[in-house]
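Participant:
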Amino acid sequence: MKLLLENYDLQSVELIQALKRETDTPEVLARLSQLEDILASYQFEQALSLLREWTE
């Protein structure tokens, strides 16, 4: 996902949607939804920053 976000690739949205379908963990779903909301307005830098925060 990081690579997709770094390359401003809209496939990152498809990946997020696929991950949401595969998980039932509320915390993970909330984080994925947050990323999806950010990407709805093409804010790839903000999404990448958020992803980095989660993985630190």
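Take any residue in the sequence shown, count from 1 to its spot, add 1442: that is its number in our numbering. Cβ coordinates follow ideal geometry from the N, Cα and C atoms, glycine included.
(1) Tell me the DSSP secondary structure of E1464 in three-state form.
(2) Return the residue from the list T1497, E1498 and D1451 that minimises the CA-CA distance to A1482.
(3) Less than 6 Å between C-beta atoms, sequence neighbours within five positions excluded: which residues of the same chain meet that for I1480?
(4) Looking at the unbroken alpha helix (DSSP H) that takes in Q1488, where does it start and where does it end?
(5) Given this structure, state the Cα-to-Cα distance separating E1495 from S1454, to the nearest angstrom.
Facilitator: The relevant details are as follows:
(1) As a first step, residue 1464 must be located in the sequence shown, where it is residue number 22. Three-state result, E1464: helix.
(2) The residue labelled residue 1482 in the question sits at position 40 within the sequence shown. It is D1451.
(3) Looking up residue 1480 in the sequence shown gives position 38. For I1480, where only same-chain residues beyond five positions count, the Cβ hits under 6 Å are Q1488 and A1489.
(4) Against the sequence shown, residue 1488 aligns to sequence position 46. Looking at the DSSP string, the run of the alpha helix (DSSP H) that includes Q1488 is F1486 to T1497.
(5) Along the sequence shown, read from residue 1 onward, the residue named residue 1495 stands at position 53. Along the sequence shown, read from residue 1 onward, the residue named residue 1454 stands at position 12. When rounded, the separation of the alpha-carbon atoms in E1495 and S1454 is 17 Å.
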